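Residue numbers (full-length UniProt numbering): 1 to 95. Heads up, the beta-carbon is just placed ideally off N, CA and C, and yes, glycines get one too. In this text the structure is predicted, and so the values were computed from the model without any measurement. Heads up, the thing below is written out as structure tokens.
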């Protein structure tokens, strides 16, 4: 939210400033994630006698974070696995 002072100059509130800072940090993090693609060389298992090297294509950011187990809250990850933290019907929750 932009407020105007008595001279007509704009002033941003602390809340708006914090939001802008957060958005800028998210943009930088997204750009960093896109630039973090790593090519990993592996020896071709089908032909171990030769020195053929296969290059793996980089994973998309979602796939990378999913495979590394990072990103997102613990609750969100458990819900994706079908674990919601509630006791099944007929089972008393622990005290």
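Note to self: Tell me which residue opens and which closes the alpha helix (DSSP H) that residue 75 is part of.
What the structure shows: In the DSSP annotation of this structure, the continuous segment of the alpha helix (DSSP H) that includes residue 75 starts and ends at 74 to 80.
Check: Between the C-alpha atoms of residue 22 and residue 73, what's the straight-line distance to the nearest angstrom?
Finding: So the alpha carbons of these two residues sit roughly 18 Å apart.
Note to self: Using the three-state DSSP reduction, which class does residue 26 fall into: helix, strand or coil?
What the structure shows: Residue state, collapsed to three classes: helix.
Item checked: Euclidean distance between Cα positions of residue 76 and residue 91 -> Cα to Cα, residue 76 sits roughly 23 Å from residue 91.
Note to self: If you reduce the DSSP assignment to three classes, tell me which class residue 91 lands in.
What the structure shows: Looking at residue 91 - three-state DSSP - the assignment turns out to be coil, as it is neither helix nor strand.
Next item on the list: Report yes or no: is there a C-beta of chain B within less than 8 Å of the C-beta of residue 22?
Entry: Of the protein chains in this structure there is only one, and it is not chain B.
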